[in-house]
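K.L.:
In UniProt numbering, the protein residues as written are 1 to 313.
Questions regarding the structure given below will be posed in turn.
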């Protein structure tokens with residue numbers, strides 16, 4: 001069997017993910033299907049590339065050789081395809097963007113007007129991160145802003161390139177009548193008896209992150225609600241739940257509180273399909289989005305006070 005680039009991407013994805021199941025999820029496949037494909041590649045190369053371990057898979061000696069060569073070959077191929085796309089690209093007449101928050105949307109629009117000033121900007125408010133990733137990978141969106149929890153990164157589709165915009169601590173949103181509302185900062189352990197509200201289940205691993213950081217604080221969180229922002233805020237105002245939140249959040253009837261030692265951090269990412277002409281402008285666009293988010297934070301007294309207290313930490 002002649003080895004093709006798609007075979008190398010398969011091997012690289014498994015090595016990067018550390019397990020066939022995780023790689024299958026990232027590739028939009030299934031574990032049995034990916035296992036069969038891997039076996040065909042191994043038969044073509046004449047040896048096993050991975051061995052199963054308690055924690056997933058580990059590359060064999062041959063596997064390490066192939067993964068190393070795959071990384072080198074794919075890097076050259078991807079660079080070539082990007083360079084060709086850039087050299088032959090014309091300014092798009094329309095740019096389709098996916099966003100979940102207003103500040104990010106305005107920053108991205110400002111960046112696009114500076115980069116492709118004559119393009120029409122079309123927005124998509126898809127609320128699921130997984131949905132945004134799928135739309136970008138399928139070339140139904142040109143760029144999108146997503147988030148992930150630091151230490152709980154999202155395994156992105158190999159077709160997607162990303163650049164970091166910024167990272168921020170997550171605060172906690174509690175009712176303004178809450179007994180801890182007067183505190184400057186709140187220890188996570190002091191929230192052990194609370195009902196937690198998280199965003200609807202998505203690929204951002206929020207539940208996994210919350211479960212682990214709460215376990216580190218000595219308790220198992222009672223996650224009883226998975227709701228969108230509007231419905232969730234109503235529950236918080238009514239004293240029925242609390243929720244982790246970005247520090248730019250503002251809503252009447254609830255207050256934001258920093259968590260002691262900032263155990264949860266959120267990273268904002270800008271993503272595009274790797275052959276989209278805008279990939280060469282990702283860093284520039286990310287700076288515009290980052291500036292917009294920084295402006296929003298500078299107008300949030302709770303955040304600026306926290307930042308002053310922790311300057312130099």
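Quick reminder that beta carbons are idealized off the backbone N, C-alpha and C, glycines included.
I think residue 227 touches residue 107, with their Cβ atoms under 8 Å apart; what is that distance to the nearest whole Å?
P.N.:
In the chain shown, counting from the first residue as 1, residue 227 sits at position 227. In the chain shown, counting from the first residue as 1, residue 107 sits at position 107. The pair is not a contact, with the Cβ atoms about 27 Å apart (cut-off 8 Å).
K.L.:
Would you kindly work out how many angstroms separate the C-alpha atoms of residue 153 and residue 266, rounded to a whole number?
P.N.:
As a first step, residue 153 must be located in the chain shown, where it is residue number 153. As a first step, residue 266 must be located in the chain shown, where it is residue number 266. Straight-line measurement puts the Cα of residue 266 at about 10 Å from the Cα of residue 153.
K.L.:
For residue 320, which beta-bridge partners are listed by DSSP?
P.N.:
Since the displayed the chain opens at 1 and closes at 313, residue 320 lies outside it and no answer follows.
K.L.:
Determine whether the beta carbon atoms of residue 56 and residue 18 lie at a separation below 8 Å.
P.N.:
Taking the chain shown and counting its residues from 1, one reaches residue 56 at position 56. Taking the chain shown and counting its residues from 1, one reaches residue 18 at position 18. A contact, by the Cβ cut-off of 8 Å.
K.L.:
In the DSSP assignment, the alpha helix (DSSP H) including residue 175 goes from what residue to what residue?
P.N.:
Position 175 of the chain shown, counted from the start, is the residue given in the question as residue 175. Element bounds for residue 175: not the alpha helix (DSSP H) but the beta strand (DSSP E), 171-175.
K.L.:
Using the DSSP secondary-structure output, state which residues sit across from residue 296 in a beta bridge.
P.N.:
The residue given as residue 296 occupies position 296 in the chain shown. Note: residue 296 sits in no beta bridge, so no partner.
K.L.:
For the region 92-101 and the region 117-130, state whether three or more C-beta atom pairs, one from each stretch, are separated by less than 8 Å.
P.N.:
yes
K.L.:
So, are the CB atoms of residue 273 and residue 136 less than 8 Å apart?
P.N.:
Sequence index remark: in the chain shown, residue 273 carries index 273 (1-based). Sequence index remark: in the chain shown, residue 136 carries index 136 (1-based). Contact flag set, yes.
K.L.:
Look at the Cβ atom of residue 271, then the Cβ atom of residue 174, and state whether they are nearer than 8 Å.
P.N.:
Position 271 of the chain shown holds residue 271. Position 174 of the chain shown holds residue 174. For residue 271 and residue 174, no; Cβs fall outside 8 Å.
K.L.:
Taking Cβ positions, are residue 168 and residue 255 nearer each other than 8 Å?
P.N.:
Translated into positions along the chain shown, residue 168 becomes position 168. Translated into positions along the chain shown, residue 255 becomes position 255. Contact flag unset, no.
K.L.:
Have a look at 311, 161, 237 and flag the residue whose alpha-carbon is nearest the alpha-carbon of residue 82.
P.N.:
Sequence index remark: in the chain shown, residue 82 carries index 82 (1-based). Taking only the C-alpha atoms, the option nearest residue 82 is 161.
K.L.:
Look at the Cβ atom of residue 242, then the Cβ atom of residue 197, and state whether they are nearer than 8 Å.
P.N.:
Position 242 of the chain shown, counted from the first residue, corresponds to residue 242. Position 197 of the chain shown, counted from the first residue, corresponds to residue 197. Yes, the Cβ-Cβ distance between residue 242 and residue 197 is below 8 Å.
K.L.:
With DSSP as the reference, label residue 303 as helix, strand or coil.
P.N.:
Numbered from its first residue, the chain shown carries residue 303 at position 303. In this structure, residue 303 counts as helix in the three-state DSSP scheme.
K.L.:
Compute the Euclidean distance between the alpha carbons of residue 307 and residue 147, then round it to the nearest angstrom.
P.N.:
Translated into positions along the chain shown, residue 307 becomes position 307. Translated into positions along the chain shown, residue 147 becomes position 147. Approximately 21 Å, taken between the alpha carbons.
K.L.:
Quick test of your reading: residue 47 and residue 3, contact by CB under 8 Å. State the CB separation rounded to the nearest angstrom.
P.N.:
As a first step, residue 47 must be located in the chain shown, where it is residue number 47. As a first step, residue 3 must be located in the chain shown, where it is residue number 3. About 13 Å separates the beta carbon of residue 47 from that of residue 3, a gap too long to meet the 8 Å contact definition.
K.L.:
Straight-line CA distance for residue 183 to residue 23?
P.N.:
Here residue 183 corresponds to residue number 183 of the chain shown, with the count starting at 1. Here residue 23 corresponds to residue number 23 of the chain shown, with the count starting at 1. Taking the straight line from one Cα to the other gives about 44 Å.
K.L.:
For residue 64, name the three-state secondary structure that DSSP assigns.
P.N.:
The residue you call residue 64 lines up with position 64 of the chain shown. Note: residue 64 maps to helix in three-state DSSP.
K.L.:
Check whether the Cβ atoms of residue 51 and residue 10 sit closer than 8 Å, and answer yes or no.
P.N.:
As a first step, residue 51 is located in the chain shown; it is residue number 51 there, counting from the start. As a first step, residue 10 is located in the chain shown; it is residue number 10 there, counting from the start. It is not a contact, given that the beta carbons lie outside the stated cut-off.
K.L.:
Tell me the rounded alpha-carbon separation between residue 305 and residue 60.
P.N.:
Along the chain shown, one-based indexing puts residue 305 at 305. Along the chain shown, one-based indexing puts residue 60 at 60. Cα to Cα, the separation comes out at about 52 Å.
K.L.:
Roughly how many angstroms lie between the CA atoms of residue 129 and residue 203, to the nearest whole one?
P.N.:
Residue mapping note: residue 129 aligns to position 129 of the chain shown, counting from 1. Residue mapping note: residue 203 aligns to position 203 of the chain shown, counting from 1. Their Cα atoms are separated by approximately 7 Å.
K.L.:
DSSP has residue 284 in a bridge; who is on the other side?
P.N.:
Counting from 1 along the chain shown, the entry for residue 284 is found at position 284. None, per the DSSP bridge assignment.
K.L.:
Can you check DSSP and say which residues form a bridge with residue 225?
P.N.:
Within the chain shown, numbered from 1, the residue matching residue 225 stands at position 225. Beta-bridge pairing links residue 225 to 197.
K.L.:
Mind checking which residues open and close the beta strand (DSSP E) that includes residue 53?
P.N.:
As a working note, residue 53 is residue 53 in the chain shown. Run containing residue 53: 50-53, per the beta strand (DSSP E) assignment.
K.L.:
Might you give, ordered along the chain, the residues of its own chain that have their beta carbon closer than 8 Å to the beta carbon of residue 12, omitting 5 neighbours on each side?
P.N.:
Mapped onto the chain shown, residue 12 falls at position 12. Around residue 12: 67, 70, 71, 74, 158.
K.L.:
In terms of alpha-carbon separation, which member of 127, 27, 99, 201 lies closest to residue 286?
P.N.:
Residue 286 sits at position 286 when you count from the first residue of the chain shown. Closest by alpha carbon: 99.
K.L.:
With H, G and I counted as helix, E and B as strand and the rest as coil, what does DSSP make of residue 254?
P.N.:
Your numbering for residue 254 matches position 254 in the chain shown. It is a strand residue.
K.L.:
List the residues that DSSP assigns as beta-bridge partners of residue 123.
P.N.:
Here the question's residue 123 lines up with position 123 in the chain shown. In the DSSP output, where bridge partners are listed per residue, residue 123 has 97.
K.L.:
Going by the beta-carbon positions, is the gap between residue 205 and residue 149 smaller than 8 Å?
P.N.:
Position 205 of the chain shown, counting from 1, holds the residue named residue 205. Position 149 of the chain shown, counting from 1, holds the residue named residue 149. With respect to residue 149, residue 205 sits close: the two C-beta atoms are nearer than 8 Å.
K.L.:
Since residue 143 is in the beta strand (DSSP E), which residue starts that stretch and which ends it?
P.N.:
On the chain shown, position 143 is the one that residue 143 refers to. For residue 143, the enclosing beta strand (DSSP E) stretches over residues 143-149.
K.L.:
Is it buried or exposed for residue 310, if we count other Cβ within 10 angstroms and need 16 for buried?
P.N.:
Here residue 310 refers to the residue found at position 310 of the chain shown. Residue burial is scored here from C-beta neighbours: residue 310 has fewer than 16 other C-beta atoms within 10 angstroms and is therefore classed as exposed.
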